[in-house]
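Here is the structure we will look at, set down as structure tokens.
Protein chains: 2
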Amino acid sequence: MTESTAGLRADARRNREQIIAAARELFLEQGIHAPLEEIARRAGVGIATLYRRFPDRHALVRQVALDNMALVDAEMERATAEHPDAWGALTQLLRRLVELRIGVFMPVLASSLEEDMRGDGGALKAKRNELLERMEQLIRTAQDEGQLRRGVTPIDIMLGVIKLSRPLPVLGSELNELLIGQQLELFLSGLHAVALDAAEPLSRHRLTLDELDRYLKAAE
Amino acid sequence: MTESTAGLRADARRNREQIIAAARELFLEQGIHAPLEEIARRAGVGIATLYRRFPDRHALVRQVALDNMALVDAEMERATAEHPDAWGALTQLLRRLVELRIGVFMPVLASSLEEDMRGDGGALKAKRNELLERMEQLIRTAQDEGQLRRGVTPIDIMLGVIKLSRPLPVLGSELNELLIGQQLELFLSGLHAVALDAAEPLSRHRLTLDELDRYLKAAE
DNA sequence: AAATAAGTGAAGGGAAAACCTCCGTTTGTC
DNA sequence: GACAAACGGAGGTTTTCCCTTCACTTATTT
């Protein structure tokens, strides 16, 4: 993704990606102090491999942040290319970001004024601001279309996405996945300025108590 | 709250409440494996005091669950008493529950099939089901009033409340508080079946980038 | 206001978790 | 098939967390 992977062997590059992916998940679930050994385990690599690529936690955090932002960038591009209307683009974008479990700013924000930032002269922060800027334009357009409620900021949206994406620890991954999808649709309804058919149901699976308990049992 | 506090000295009872309150917060933030020492610290008591009242983690978890459910019970009572319409009652209830940072089921669910349950013969689970039952009636009434969207289950609502209540670790308590309030209103909009005025803004403070950074700085 | 029993916090030993390096083995690449 | 690159796990060190013991403090009771 960056040129820092240039001279790497194929397997090394693959492992590096898996480490970042695992770190993305775990940082989202547990925060940026998630145990490095667990990240390595989830990535399916030895702990030494992780340390070889990322000399310390900060390096990993920064890379995850960069990676996440590159993903947001790409998804934004794609969403606007595929949808003529801003509201359509915005909804697709949010669905994708949640699906990818991007807690973009989780690390970026945490590090925005700390050590993780050092060594890149504020490039991370600049990138963040650029993305928020583009998001703001999208928002403004959707509002001018009359589709998006007024008073919504890019920050609201991104922080909303982060919170939605974040799994609840006790529920297990299956139930969390189901739930996150449903909650996102509700979030989008809340953002939508266009009147609902008064009786329009949340078109989705209705969770029963028995099912809930079954899911919980499955999650141990 | 229960009769188990009967023979306690006044200071002991006070400390006990503070421990439960701190545990409620930390279980919500970090899950039920939050360090007991941190709970004691936040409660402003020594670690020995915690162990004296709650011989092990399960005892504390169970008590927090009971306490949370009693609170939900009381707030439900109050909300329905103060509002003739179910939608009004429901919105007040959710606002209160979020305000109280009740992750009701966070512990209950986690324990629904495990060790925490032992020793009370399923009373905890029965209580949970009873609350969900009452919530369901409230929901049905609100739907019959034409105020609440169809297809919403009590489980959706309670899990939504939990997720909303849960602070994002990096943001600091001030910003989290602000954000949680805003996100709840959005959630309520998504639940509401009644048409928004197409341009109705989220009537609230618009968060700017500068402000965000200031909050983050304040949170360390 | 003295007696007493209940309650308290802090220190610290032991166990577990997390960190991080070293090194013999495996795997891509030329 | 040779060589450099990459790998994973073992294990020593540090940190965190658990939980008990104990000398001191505070509420209550008469």
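The listed protein sequences derive, respectively, from chains A and B. Counting from 1, position 61 in the first sequence corresponds to residue 61 in my numbering; the numbering is continuous, with no gaps. Counting from 1, position 208 in the second sequence corresponds to residue 428 in my numbering; the numbering is continuous, with no gaps. We put the beta carbon where it would ideally sit given N, CA and C, even for glycine. Note that the structure is a prediction, hence the values are computed from the model and not measured.
Compute the Euclidean distance between the alpha carbons of residue i and residue j, then round it to the nearest angstrom.
| i | j | result |
| --- | --- | --- |
| I157 (chain A) | A74 (chain A) | 17 Å |
| G172 (chain A) | S409 (chain B) | 28 Å |
| Q283 (chain B) | I39 (chain A) | 33 Å |
| F255 (chain B) | V372 (chain B) | At residue 255 (chain B) the sequence reads Pro, which differs from the Phe that was named. Each residue's alpha carbon lies about 36 Å from the other. |
| L138 (chain A) | R204 (chain A) | 28 Å |
| R42 (chain A) | A22 (chain A) | 6 Å |
| S247 (chain A) | I19 (chain A) | This structure gives no information on residue 247 (chain A), because the portion of chain A shown stretches from 1 to 220. |
| L94 (chain A) | R233 (chain B) | 48 Å |
| L310 (chain B) | L50 (chain A) | 49 Å |
| M76 (chain A) | V161 (chain A) | 14 Å |
| A218 (chain A) | Q363 (chain B) | 32 Å |
| Q183 (chain A) | A413 (chain B) | 16 Å |
| A10 (chain A) | A81 (chain A) | 32 Å |
| D430 (chain B) | D210 (chain A) | 47 Å |
| A232 (chain A) | R57 (chain A) | Residue coverage of chain A in this structure runs from 1 to 220, which leaves residue 232 (chain A) outside it and unanswerable. |
| D340 (chain B) | L100 (chain A) | 41 Å |
| L427 (chain B) | A48 (chain A) | 42 Å |
| G88 (chain A) | K163 (chain A) | 22 Å |
| A210 (chain B) | F54 (chain A) | Chain B is shown only over 221 to 440; residue 210 (chain B) falls outside these bounds and no answer can be derived. |
| Q367 (chain B) | R298 (chain B) | 20 Å |
| G122 (chain A) | A59 (chain A) | 15 Å |
| G44 (chain A) | R52 (chain A) | 15 Å |
| H303 (chain B) | G401 (chain B) | 21 Å |
| G250 (chain B) | Q92 (chain A) | According to the sequence as given, residue 250 (chain B) is Gln; it is not Gly. The alpha-carbon atoms of Q250 (chain B) and Q92 (chain A) are separated by roughly 31 Å. |
| L411 (chain B) | G266 (chain B) | 44 Å |
| E257 (chain B) | E37 (chain A) | 24 Å |
| V390 (chain B) | D213 (chain A) | 32 Å |
Do residue i and residue j have their C-beta atoms within less than 8 Å of each other?
| i | j | result |
| --- | --- | --- |
| V61 (chain A) | S165 (chain A) | no |
| R316 (chain B) | P201 (chain A) | no |
| M69 (chain A) | R24 (chain A) | no |
| R236 (chain B) | L248 (chain B) | no |
| Y215 (chain A) | L168 (chain A) | no |
| L291 (chain B) | I252 (chain B) | no |
| E350 (chain B) | P374 (chain B) | no |
| A86 (chain A) | E133 (chain A) | no |
| L246 (chain B) | L286 (chain B) | no |
| L406 (chain B) | F105 (chain A) | no |
| L399 (chain B) | L159 (chain A) | yes |
Where does residue i sit, in a helix, a strand or coil, going by DSSP?
| i | result |
| --- | --- |
| H412 (chain B) | strand |
| L384 (chain B) | helix |
| F27 (chain A) | helix |
| L216 (chain A) | helix |
| A34 (chain A) | coil |
| G308 (chain B) | helix |
| V104 (chain A) | coil |
| D11 (chain A) | helix |
| L270 (chain B) | helix |
| L207 (chain A) | coil |
| D56 (chain A) | coil |
| A43 (chain A) | helix |
| L184 (chain A) | helix |
| L93 (chain A) | helix |
| L175 (chain A) | helix |
| D287 (chain B) | helix |
| D73 (chain A) | helix |
| A6 (chain A) | coil |
Is residue i near the ligand GTP, going by C-beta to nearest heavy atom under 7 Å?
| i | result |
| --- | --- |
| Q250 (chain B) | For the structure depicted, the ligand GTP is absent and the ligand set is empty, with no information on it obtainable. |
Pull out every residue of the stretch 370-396 of chain B whose Cβ sits closer than 8 Å to any Cβ of chain A, in chain order. R370, G371, V372, T373, I375, D376, L379, G380, I382, K383, L384, R386, L388, P389, V390 and L391
For the stretch 127-150 of chain A, list every residue whose C-beta sits within 7 Å of some C-beta in chain B, in sequence order. N129, L132, G146, R149 and R150
Contacting positions in the stretch 253-271 of chain B - beta carbon closer than 8 Å to chain A: none
Could you tell me which uninterrupted alpha helix (DSSP H) segments, each at least 4 residues in length, are contained entirely in the stretch 122-169 of chain A, listed from first to last along the chain? 123-144 and 154-165
According to a CB-to-CB cut-off of less than 8 Å, which residues of the stretch 421-432 of chain B neighbour chain A? P421, L422, S423, R424, R426, L427, T428, L429 and L432
Listed from N- to C-terminal order along the chain, which residues in the stretch 90-107 of chain A have their beta-carbon within a distance smaller than 7 Å of any beta-carbon of chain B? M106
What are the residues in the stretch 269-297 of chain B lying within 7 Å of chain A by C-beta distance? none
Against chain A, which members of the stretch 398-409 of chain B pass a CB distance test of less than 7 Å? L399, Q402, Q403, L406, F407 and S409
Any C-beta of chain A within less than 7 Å: which residues of the stretch 232-256 of chain B qualify? G251
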